[in-house]
Amino acid sequence: MSKALVRRETIAGYAFMLPSLIFFFGFVIYPMVQCVITSFFDSTMNREDIFIGFGNYIELFQDKVFLGALRNTVIIVVVSVPVVCVFSLWVSSVIHNLSGPLCSIFRCIFYLPVVTGSVAVTVVWKWMFNNYYGIFNYVGKATGLIDQNINWLGDERYALGCIILILLTTSVGQPIVLYVSALNNVDQSLVEAAEVDGATKLQCFWKIKWQQIKPTTLYILVITTINSFQCFALIQLLTSGGPNHSTDTIMYYIYHTAFKLYRYGYGNAMGVVLAIAIAILSGIQFKVAQSD
């Protein structure tokens, strides 16, 4: 292939990429850079930004509300990520051997909350948790589990747990679909050979299937971790961080600080801390996966 032809093909390739590159740099890279820069300023509305260095970051780790939001976010991640991965793998292991139509039905059922609008899903859960006519209070009193109605979303003891429960139900759809596809792509000849040699189902899964679905597991771990760190819509629609900041997350506190208090620099500092935390945790997950 001549150099002129290679050059023309290269130019044509970059020309096709140009619209996406403009969008990527204009709406992803540039805002990220501006976020980092603004985090070193006391930036708010109707006045010029004032450079304060690491002042926002120092204030951040002295802010009890932020530390509480950080604690809640870590709890959500620590609980939801392993539960989503284990439950998704268990369900996928059960349904991937079913007949084609039946497996598709189950995948649709579990994936439905993912494609349903978050507002619609949240409205349904809000009705179920209602402290006057919600289904949980009705079933609890009918079965004798509770004596009186519980204000699930208005009580500090239960609010965060309710948020985690809703997050779990809306997070398992995609992992189940991915795991079913991964399990269907496992080399069945290896499984059959192991079974002939006397391997149990557990041994076949751990020694053969698990080794072949590790890349899918790593992807699910990373994506679920990022989504858990970025939990916002449920908080905004259900509790607005209450009661008494008991359901604040970093993402919601960023929104509250930047768009309600108009402290853009302080909010951007939180965003930088959140991005660093996600990057570190994702890096650890990649390292652990590679070491295996």
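Residue 6 is where the sequence shown starts when you use this note's numbering, and the numbers rise one by one after that. Just so it is clear, CB atoms sit at the ideal spot from N, CA and C, and this is done for glycine as well.
Residue burial classification, residue i (beta-carbon count within 10 angstroms, cutoff 16)
{"i": "W211", "result": "exposed"}
{"i": "Q179", "result": "buried"}
{"i": "V144", "result": "exposed"}
{"i": "V38", "result": "exposed"}
{"i": "I281", "result": "exposed"}
{"i": "V86", "result": "buried"}
{"i": "W132", "result": "exposed"}
{"i": "I100", "result": "buried"}
{"i": "R13", "result": "exposed"}
{"i": "F29", "result": "exposed"}
{"i": "N301", "result": "A query on residue 301 cannot be resolved here, the shown segment of the chain reaching from 6 to 297 and no further."}
{"i": "S194", "result": "exposed"}
{"i": "G139", "result": "buried"}
{"i": "G288", "result": "exposed"}
{"i": "S25", "result": "exposed"}
{"i": "I181", "result": "buried"}
{"i": "I27", "result": "exposed"}
{"i": "V126", "result": "buried"}
{"i": "A2", "result": "The question about residue 2 has no answer, for the chain in this structure spans 6 to 297."}
{"i": "K214", "result": "buried"}
{"i": "T262", "result": "buried"}
{"i": "L10", "result": "exposed"}
{"i": "V278", "result": "buried"}
{"i": "T15", "result": "exposed"}
{"i": "T222", "result": "buried"}
Contact with chain D by residue i, beta-carbon distance below 8 Å
{"i": "L223", "result": "Absence of chain D from the displayed structure is noted, only one protein chain being present."}
Distance between beta carbons of residue j and residue i, contact taken as under 8 Å
{"i": "S176", "j": "N232", "result": "6 Å"}
{"i": "C90", "j": "I225", "result": "6 Å"}
{"i": "S109", "j": "Y184", "result": "With a Cβ gap of about 15 Å, S109 and Y184 do not count as contacting."}
{"i": "F115", "j": "V96", "result": "7 Å"}
{"i": "T174", "j": "P106", "result": "24 Å between Cβ atoms; not a contact."}
{"i": "G270", "j": "N61", "result": "5 Å"}
{"i": "Q290", "j": "V227", "result": "6 Å"}
{"i": "Y260", "j": "T49", "result": "In fact, because the Cβ distance is near 16 Å, the residues do not count as touching under 8 Å."}
{"i": "I63", "j": "D47", "result": "Actually they are not in contact, since the Cβ atoms of I63 and D47 sit about 12 Å apart, beyond 8 Å."}
{"i": "C209", "j": "V201", "result": "Contact flag wrong, Cβ pair sits at about 11 Å."}
{"i": "S123", "j": "A238", "result": "5 Å"}
{"i": "H250", "j": "V70", "result": "6 Å"}
Coil, strand or helix - residue i by DSSP
{"i": "F32", "result": "helix"}
{"i": "F46", "result": "strand"}
{"i": "I55", "result": "strand"}
{"i": "N3", "result": "Absent from the structure is residue 3, since the part of the chain shown begins at 6 and ends at 297."}
{"i": "Y138", "result": "coil"}
{"i": "A147", "result": "helix"}
{"i": "K83", "result": "The residue asked about is misnamed: residue 83 is Val in this sequence, not Lys. In this structure, V83 counts as helix in the three-state DSSP scheme."}
{"i": "R162", "result": "coil"}
{"i": "G18", "result": "helix"}
{"i": "A187", "result": "helix"}
{"i": "F66", "result": "coil"}
{"i": "T229", "result": "helix"}
{"i": "G203", "result": "coil"}
{"i": "Q153", "result": "coil"}
{"i": "I218", "result": "coil"}
{"i": "S176", "result": "helix"}
{"i": "S194", "result": "helix"}
{"i": "S7", "result": "coil"}
Are there three or more Cβ pairs, one per stretch, closer than 8 Å when the stretch 177–190 is compared with the stretch 202–219? yes
Using 8 Å as the threshold, is the stretch 265–281 in touch with the stretch 27–46, meaning 3 or more CB pairs across them? yes
With contact counted as at least three CB pairs below 8 Å, one residue from each stretch, are the stretch 164–181 and the stretch 77–84 in contact? Output reads yes: the stretch 77–84 touches the stretch 164–181.
Give, in chain order, every unbroken run of the alpha helix (DSSP H) that is at least 4 residues long and sits entirely within the stretch 233–289. 238–243 and 255–264
contact_flag[the stretch 193–206, the stretch 228–247] where n(CB pairs < 8 Å) is 3 or more: no
Taking one C-beta from the stretch 62–79 and one from the stretch 252–259 each time, how about it: are there three or more such pairs within less than 8 Å? Proximity of the stretch 62–79 to the stretch 252–259 meets the contact definition, three or more beta-carbon pairs being nearer than 8 Å.
Mind listing, in chain order, the continuous alpha helix (DSSP H) runs of no fewer than 4 residues lying wholly within the stretch 94–139? Within the stretch 94–139, the complete alpha helix (DSSP H) runs of at least 4 residues are 105–120 and 123–133.
Quick check: the stretch 155–164 against the stretch 236–249, are at least 3 beta-carbon pairs closer than 8 Å? yes
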